[in-house]
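Chains as they are written, first to last, in the numbering used here: chain L, 117 to 382; chain U, 117 to 382; chain W, 117 to 382; chain S, 117 to 382; chain V, 117 to 382; chain H, 117 to 382.
Before any comments, here is the structure.
Protein chains: 6
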Amino acid sequence: MGDTRKLAELTGPQTLEVLGDDSILVVPIGAIEHHGPHLPLVTDALTAESVATAAVSAAVAAGLDVWQLPTISVGKSDEHHWASGTLWLRAETLLDTLVDLGRSVAATPARKLVFLNGHGGNVAMLGVALREIRRHFGLMTFAMPAMRVPDEGPELGAADEEGIGIHGGWAETSIVLHLRPDLVRTDRLVRNVPAGLGAWEQLGFNGKPVAFGWLSDDFGPLGIVGDATTASADAGKRIFEHSTDEAVAALGEIDRFELPPRTRLS
Amino acid sequence: MGDTRKLAELTGPQTLEVLGDDSILVVPIGAIEHHGPHLPLVTDALTAESVATAAVSAAVAAGLDVWQLPTISVGKSDEHHWASGTLWLRAETLLDTLVDLGRSVAATPARKLVFLNGHGGNVAMLGVALREIRRHFGLMTFAMPAMRVPDEGPELGAADEEGIGIHGGWAETSIVLHLRPDLVRTDRLVRNVPAGLGAWEQLGFNGKPVAFGWLSDDFGPLGIVGDATTASADAGKRIFEHSTDEAVAALGEIDRFELPPRTRLS
Amino acid sequence: MGDTRKLAELTGPQTLEVLGDDSILVVPIGAIEHHGPHLPLVTDALTAESVATAAVSAAVAAGLDVWQLPTISVGKSDEHHWASGTLWLRAETLLDTLVDLGRSVAATPARKLVFLNGHGGNVAMLGVALREIRRHFGLMTFAMPAMRVPDEGPELGAADEEGIGIHGGWAETSIVLHLRPDLVRTDRLVRNVPAGLGAWEQLGFNGKPVAFGWLSDDFGPLGIVGDATTASADAGKRIFEHSTDEAVAALGEIDRFELPPRTRLS
Amino acid sequence: MGDTRKLAELTGPQTLEVLGDDSILVVPIGAIEHHGPHLPLVTDALTAESVATAAVSAAVAAGLDVWQLPTISVGKSDEHHWASGTLWLRAETLLDTLVDLGRSVAATPARKLVFLNGHGGNVAMLGVALREIRRHFGLMTFAMPAMRVPDEGPELGAADEEGIGIHGGWAETSIVLHLRPDLVRTDRLVRNVPAGLGAWEQLGFNGKPVAFGWLSDDFGPLGIVGDATTASADAGKRIFEHSTDEAVAALGEIDRFELPPRTRLS
Amino acid sequence: MGDTRKLAELTGPQTLEVLGDDSILVVPIGAIEHHGPHLPLVTDALTAESVATAAVSAAVAAGLDVWQLPTISVGKSDEHHWASGTLWLRAETLLDTLVDLGRSVAATPARKLVFLNGHGGNVAMLGVALREIRRHFGLMTFAMPAMRVPDEGPELGAADEEGIGIHGGWAETSIVLHLRPDLVRTDRLVRNVPAGLGAWEQLGFNGKPVAFGWLSDDFGPLGIVGDATTASADAGKRIFEHSTDEAVAALGEIDRFELPPRTRLS
Amino acid sequence: MGDTRKLAELTGPQTLEVLGDDSILVVPIGAIEHHGPHLPLVTDALTAESVATAAVSAAVAAGLDVWQLPTISVGKSDEHHWASGTLWLRAETLLDTLVDLGRSVAATPARKLVFLNGHGGNVAMLGVALREIRRHFGLMTFAMPAMRVPDEGPELGAADEEGIGIHGGWAETSIVLHLRPDLVRTDRLVRNVPAGLGAWEQLGFNGKPVAFGWLSDDFGPLGIVGDATTASADAGKRIFEHSTDEAVAALGEIDRFELPPRTRLS
C-alpha cells in the first residue's frame, strides 16, 4: 500500500493520516457512449482515467499532494441516448452523483476536489456541481478537460475537420490508437463533417458564442462529428502527452490556489 | 395588437396563426442579484431584456420571424446567496423551469427557442436545458450571451481589470449607466480585482481551461470582481449597441440553421 | 434611485438600509395562458403587476413600508396546457420557485412577504408555499387576489355569467379593456357559460364546497368560462380601482398584523 | 362479501365487474395531529372516515354507485410539526401520494374519484392533485370537506369563537364527543381565540381574501384556535348528521355531473 | 382513553407523558393489491393490522411499553400495477412516506420505531428507510414480517406449492379464512405454481441467492403464485397465532436491544 | 477487440451485432467505504469486479452469452458516512443511477441484466431497482451477491464471529488477502464482535426475521463487525473460487430462465 496514489486503496483511517488541507483529490469522469463504428464505447472513460493516472503520477513526482479517486465511467450522454451501447445518466442523476461525491469528500481532511473530465457532455453539469459543492460543503472545486490538443500550427491531422472534430474524429481516434490500439476498428474509420457547420460565426460547438442543443444523430446516422480517417497513434501520443503535461500544470496552479475556507452545512 | 412582437400580448389562437416552423422565440433570462454597492440588483435582467427588445425589433425589421417571450428575471445566483437582495433559484428549480418552458413552447407551432442570457451563473444550466428540451420535445434550442463587449483594441475602460471584470465591473456598470443611469450609485463605484487571479494560465473565469466553483464573497466582502471606477455611459452605449448587433447576427444564423425535425414525447 | 419602490432597482447593500422587520415585500404573480380568442396571453400577469404597482404606490403614500419585487409572470396554468401560447410551470416547479423565493427573502431584513396573485390556478400552491416558507424560514407570509370585483348590487355586466365568469369573461375582459385596450380583440368577444354549471349547490368553482379538477377545454373548445361580450373599459376601471383599494386595505392589515418571530433553518 | 361498499374488501377481478364509468370512489383523508390537550390526535381521520362511511351507506341506499377506499390517515400537518404526536407528510409527499392513488384508480373502470377531507391543511394540495390526476389520467376528480357545520341561526355553541374556531374548538370537539366520547378529555377543555384575529376584514382564515401562512404555535402554546368549553355531544350529533347529509347531496351532484372523457398518458 | 394502545387516540400532550426512551411504536404496513379471484384487495393490510393489534395487546400484557400507530394501508405494489383494484405508491413515494413518518416520530419522546409488514413488496424499501430514519433522526428502527408460517414438519397445506406460495396461496388464503372468512370467495380458489420455479438452486423468491425483478402477471393472468385450494381457516388460525407469538417475541428483543442514542439533524 | 467480454470495449454498432435476446449483461456493483484499519476502502468494489471478471470468463467458456459492463464502484454506504474515505450515494441517487442504467440497456438488443453485488448496503435498493427496470423497460433483471462463503462444516476461520462477520471480518479480509495482499494492513487486523448480537433469535443481520437500521459506528469506533485476525489468503482463495463457481452457476440458471417479453414505455 506504500506508494499507491489511488485513495480507495488506502484504509479509511489512513485517509485521516495522509490527507490534509492542501491535498488535492482528482476524480476522472468520462462516458460510455457511442463513438461511431470505429471507436469503443469506453473512449471517454479510458481517456479520462489514463490522463488522470499519468498526471497524478507526474504531479506527485513533482512534489504535489495529489490523490486519485475511482473513475466515474458513466456520465451524461443523453445526446447519444438513441445508440445501442450508450450508458447514460439523466441530468439530475449526474448532479446528484456529483453532489453526493462532494458530501463524501467533505468528510475527509482534503479541501480541494478536481474533476478531470473526458466527455464534453459532462461539462455543463460539472459547472453546476462545482458551485453546489462549494456552497454546501465548503470545498474548493475544480474541473478541467482530460484531452488537450496541442497547437501544432497547421493541425495537419484535423485539417479536414473544419474545426469541429468534437466527437469520434481525429483527436479522439488518435488518442485511443495510442492508448488501446486493439480497441480501434481501423477498417471502419469514417468521416462526418456536417457541411458548413464550422463556418458559422455565431453558432457552433465549443467556443462560439451561441450554444445549441444537439443530439448526435442530428448530424446523420454515424453519430460522430469529425474525421477519423487521418488519425494516427503518433498524433495520439502527442495529444496524450500534451494532455498530461497540461493536467500537471493545472494541478500545480490548483495547489497554489487559495481561498478562505468555508464550512456550511448541507 | 398589430405590431407587437411580445408573444404574450397575442391571444392564444393568434399564436397558431402567426407562428410557424421558422419562427424564433426569444426568452430573455437574467438575474436579480447583488452587484456591489453601486449597481442595482436588476442589472442582469435589465441587460437581457433591453438587448432582447432591441435585437428582436431589429431582427424583425430585417425580415426575420422573431418573437419575444416574457423575461425570466430570477436565475441561478447561488454564488450571491449570502447577499441581501439576491433572489435565486436552486439549480434543480432553474432546470425544471427551463424544461417546463420548453414543454410549453412545444405546444405552439414554433420550433426554435432561444435564450438570451444576461447572467453568467445561468450558462451551465442553460447548456443542460438546451439538450433536455431538444431530446424531450424536439425543439431546436439555442443560448447566447446578452452582453457582448466589443473588441476595441486597447480596452481602455477595462484596462485595470486584468481580464477578469466579470461581475459589477467596467462593462456591467457602463451598460447600466447607459440604460438606466438613475439606478447607478456613482458615489459608490468600487474596484475589486483579486491580485493575481487574472494571471493564472490554467485556472480562471470564462475562457481558461480549468473552471472552479466560486462564491462571490470568496473574493472579499464587496462581492464584485472588476473595476467600476472607469465605467462610462459612452462605453455602455457602445457595449449595448454591439451586443444588439451581435444578437441580431446570431438570430440571422439561427434563422438559417436547419436540422431534421424531431418529435419525441416527454 | 431615490423614490423607487421596486426592490430590484436598489443595490444589495441598500436593501440592508431600507428594509426592516416591518417592511412588506410584494410579489405580483400571474400567468401567461390562453384566455380565449379575445384576450392576450399576458392577461393575468398584466393584472397582477398593474394592481401591485398601483397598490404599492398608494400604500407608500399612506405611510406603509412596502416594496415591490419582480413579477412572476409564468404560473401554474396546467388547465390550459393544451392551448398554444400557454406557458406553464408544473406544480412542483412552482412550489420550488416560491420556496426558493422565500429562502432568498429570508436573507434580507424584511419579515413579511406578500403574493399578489392574478391567476386562480396559482391559489392552491400559493397556499402550500405560504406555510412552507413560514416553517422553513420564519417569514410571515400572505397571499391575496389581484382582482376584486366590486359588489355593484345587480352586477349588470356579469348578468349572463350565472356567477361563473371565472376565465376570460366580463371582469377579465373589462380590466384589460381598461389597462391595455390595444391588446383586446374586440371583434372576437365570445361567451361560453356551460349550461347549468352555475346551478349546482355543492359543486362548482370558487366558493362552492365541492371542488373539482377541470381543464379549460372540458367546457368546450373556446377555453373560457364567462361572457366577454358585455365587458367595457368603464367596468374595467371600476374593477381596477376597487382591486387597488382592497389591496391597499389588505397591506394595511398586513402592516398591523404581528406574530412572534421565528427563525428556523431550511 | 355481498354488501360491502369497501372496495378493498372486493377481489381485484370483482372490481372489474362492479365498477363502471358512473362509479364514484370515495377516499376519506384526514390527519393525525395535535388537537390540544382535550382532543385525540386521530380527530380529523376519525371525522373523515366516519362521515364517509355514513355518507357512502346513505348514498348507496339512495341508488348511487358509490364505493369507499381506505382512509388516508396521515396528511399534511406541517403546521403542527412542533407538537409531539403529530404525524405529517411533507407537501411533496402528499402530492405524490395523491397522484399515485389517481394512477392506481385509473386502472379500474371507475372514472370519478372523490376525496372527503377532514383536515384543512390538506385542502390546498388536494386542489393541486385534482387537476394533476385529471390531466395525467383523465379521471373526473372532486374534493369536499368532511365536516359541515349547520347554520343554526345564532350559533350558540360557537358564540365565543369570533368565527375562527378552526382547530380544536367547538365544532371538532362536539363531533368527537358524539363519535367517540371516550377519546375526549373533558377535564381539559380549553379556549384559545386570539384577540382580534376574527376582526380583520381582509386577513384571516378560510373565507377572508388574504390567506396567511401560519403554524399552530403562532397562536400560543395550546396549539388550537377555538373554544372547546362549549362543545357538546348533542351539537356533535347535529354537525355529524348535517355533514353526512351534505356529503350525500354532494355525491348526488357528482353522480349527475358529466364531462367529456379524457385519457391521457402520464 | 384509559387503556388504549392506539397512539392516535391519545392527545398530543399525553404522548409526552406516556412515551419515553424505552417506548416502542409499532406501525402496521400492508398493501391494497390484487390477490387473485379469491382474496380481497385488503389482504396484506388486514393481516398486518390484525397481527399488530394482537401482538401489541399481548406485549403490553407482558409488561412492554408498546404503542400502535395507524396502519399504512397502501404500499409498494408495483408488481400488481396492471390489475384493477391495486392501489400502489411508487418507490420514491413510499420512501418519502416512511422518512416523513420517522421525522414525525422523532418529535415524540419515543426512540424505537417498528414496522410490522404484511407485504413482501415493501421489504426492500423498508430496509432503505430503516437506515435513513436512523441516520437522519437518530431513532432505532426495525422491520419485521407480519406473517410467520409455523414450521409444521411436513407442511401439508402448502404441500403442492413447491415452496413458492408467495402470493395468494395457501398461507394467505388460510389467514384470511381465519380473520375475515366473509371476504374469501371460496368458490374461486385457484392454484398457480409456475412449473419448475421452485426447483432452481440459485434463482428464486425469498431465500434464494439470486433475486429477480418480477411482475405478478409474469406468471400468468391469475396474478398469484401459490395454491389456495388447500387453504383452511384452521391453518389460518395456527398461522395467525404463530405470527402473533413471534411478533411478541420480537418486540421483547427490541425492548431489550440497546444502542447508543444519536441525534442528527435532517 | 476480438475476444473481449467487456461491453464498453466494443463499438456501439458492434453491440447490435453481438447482443441478442439471450445475452446477459453483468454489472459489478460495490462500494468505496471504510472497512476498518486493515482493509482498503475499495474492498467491495474490488470483490465485485474480480468475481465478475472471473465468472464472466468462465461462463463464456461454458458457452453462455455473457458480457461485463463497467463496475459501479460507489454505492449506498450511508452506514459509513461518518468515516473519512467513504464515498456514498444517497438512496435516491443510487435508485436513479440503477434505473438510468436500465433505460440505457433497454436500447441494446439484450434483455437480461444482472447486478453482481459486493456490498450489503446495496441489496435493498437493488431489489427496488430490479422491479422498476422490469416494469419501465421490460428487461429481465437479476441481482446476486458477489461473495459466497463456502460451507466448510466447522467454519474455522469465522469461528469467533458468532455468525455476524458482516463487515471487515474474516471473509472480507481473507478475500482481499487473496486478491490484493498488498492492500491489507496485516499489522492492524482487528476484531469487533458486539457481545450478544449474534445470540438474538429474532433480531439481527441478514437471515434473522427482524431487520434493523444500523450505522457502522453503532458498534463502536472501529466501524467493523467481525474478526479479521483469523483471516488468511488461503481462506480467501477458497471463498473467491466458490464465489466464482456460484456466480457461474447462477448465470447458467439466468440463461435458462424465461419469462414472456414485455415492452413498456417509461
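C-beta atoms are modelled at their ideal positions from N, C-alpha and C, and glycine is treated no differently.
Keep in mind the model is a prediction, meaning the values are calculated, not measured.
* Note down the Cα distance separating LEU331 of chain H from ALA124 of chain V, rounded to an integer number of angstroms. => 30 Å
* Based on the DSSP secondary-structure assignment, which residues constitute the bridge partners of PHE328 of chain L? -> U:PHE258
* **Cβ-Cβ distance between ILE370 of chain H and LYS228 of chain H below 8 Å** => yes
* Asked: If you check the beta carbons only, do VAL172 of chain L and VAL142 of chain L fall under 8 Å apart?
  -> yes
* Asked: Taking contact to mean at least 3 C-beta pairs separated by less than 8 Å, is the region 316-335 of chain L in contact with the region 296-307 of chain L?
  -> no
* CA-CA distance, ILE424 of chain V and ALA274 of chain V? -> This structure cannot speak to residue 424 of chain V, because chain V is shown only from 117 to 382.
* Asked: Given ILE282 of chain S, which residues of its chain have a CB within under 6 Å of its CB, disregarding the five upstream and five downstream residues?
  -> PHE321, VAL341
* Asked: Quick one: does THR289 of chain V have its CB under 8 Å from some CB of chain S?
  -> no
* Going by beta carbon distance, what residues of the same chain come within less than 7 Å of SER382 of chain W, once the five residues before and after it are set aside? -> Here the model assigns SER382 of chain W a pLDDT of 42, short of 50, so the residue's position is not dependable, and the following value carries that caveat. The answer, listed in chain order, is ARG219, HIS252, PHE253.
* In the DSSP assignment, find the beta strand (DSSP E) that holds TRP183 of chain W and state where it starts and stops. => 182-184
* **chain L residues whose Cβ lies nearer than 9 Å to that of ASP212 of chain H** => LEU205, ARG206, GLU208, THR209, ASP212, THR213
* Please go through the same chain and pick out, in chain order, the residues whose beta-carbon is closer than 6 Å to the beta-carbon of ALA351 of chain H, but skip the five residues on each side of it. => GLY273, SER290
* Please say whether ALA245 of chain S and LEU305 of chain S have beta carbons closer to each other than 8 Å? => no
* Name, going along the chain, the residues of the region 239-258 of chain W whose beta-carbon falls closer than 7 Å to a beta-carbon of chain U. => none
* Asked: Which residues in the same chain as THR379 of chain U place their Cβ atom closer than 6 Å to its Cβ, once the five residues preceding and following it in sequence are excluded?
  -> In this prediction, THR379 of chain U has a pLDDT of 46, which is less than 50 and means its spatial position is unreliable; nothing more can be read from the coordinates.
* For GLY152 of chain W, the nearest candidate out of W:ARG307, W:LEU210, W:LEU211, W:ASP276 (CA to CA) -> W:ARG307
* **Within 8 Å of chain S by C-beta, residues of the region 311-325 of chain W in sequence order** => TRP316, GLU317, GLN318, LEU319, PRO325
* **Residue ranges of each beta strand (DSSP E) within the region 216-269 of chain W, 3 or longer** => 228-233, 256-261
* Could you give the residue range of the beta strand (DSSP E) that holds ILE140 of chain S? -> 140-145
* Going along chain U in order, which residues have a C-beta closer than 8 Å to the C-beta of ARG157 of chain W? -> At residue 157 of chain W the sequence reads Leu, which differs from the Arg that was named. Going along chain U in sequence order, the residues near LEU157 of chain W (Cβ under 8 Å) are LEU123, ALA124, GLU125, LEU126, THR127, GLY128, THR131.
* To do: Starting from the C-beta of ALA287 of chain V, find all residues in its chain whose C-beta is less than 7 Å away, skip the five residues before and the five after it, and write them out in chain order.
  => MET263, VAL265, ALA274, GLY281, ILE355
* Exposed or buried, what is ASP212 of chain W when buried is set at 16 or more other beta-carbons lying within 10 Å of its beta-carbon? -> buried
* Quick one: grab the DSSP three-state call for HIS151 of chain S. => strand
* To do: Check whether the Cβ atoms of ARG301 of chain L and THR209 of chain H sit closer than 8 Å, and answer yes or no.
  => no
* Output yes if chain V places a C-beta closer than 8 Å to the C-beta of GLY136 of chain S; else output no. => no
* Asked: Whose C-beta lies closer than 6 Å to the C-beta of PRO156 of chain H among residues of the same chain, with five residues either side of it excluded?
  -> LEU299
* Asked: Is the Cβ-Cβ distance between VAL167 of chain H and LEU214 of chain H less than 8 Å?
  -> no
* Take the Cβ of ALA311 of chain S as the centre, count every other Cβ of all protein chains shown within 10 Å, and call the residue buried at 16 or more, exposed below. => exposed
* To do: From the DSSP output, in three-state form, read off ILE340 of chain L for me.
  => coil
* Please state whether DSSP places LEU319 of chain W in a helix, a strand or coil. => strand
* Assigned secondary structure, HIS197 of chain U (DSSP; H/G/I helix, E/B strand, else coil) -> coil
* Starting from the Cα of ALA363 of chain L, find the closest Cα among L:VAL292, L:LEU313, L:GLU268, L:PRO261 and give me that residue. => L:PRO261
* Asked: In chain H, which residues lie less than 8 Å from PRO462 of chain V when you measure between Cβ atoms?
  -> An answer regarding residue 462 of chain V cannot be provided, because it is not within the stretch 117 to 382 covered by chain V.
* **Interface partners of HIS197 of chain S on chain A, CB under 9 Å** => Absence of chain A from the displayed structure is noted, the protein chains being L, U, W, S, V and H.
* For GLY352 of chain U, return the contacting residues in chain L, with the cut-off set at a CB-CB distance below 9 Å. => Under the 9 Å cutoff, chain L gives no residues; its nearest Cβ is about 20 Å from GLY352 of chain U.
* Using 10 angstroms around the beta-carbon of GLU165 of chain H, count the other beta-carbons present and answer buried if the total reaches 16, otherwise exposed. => buried
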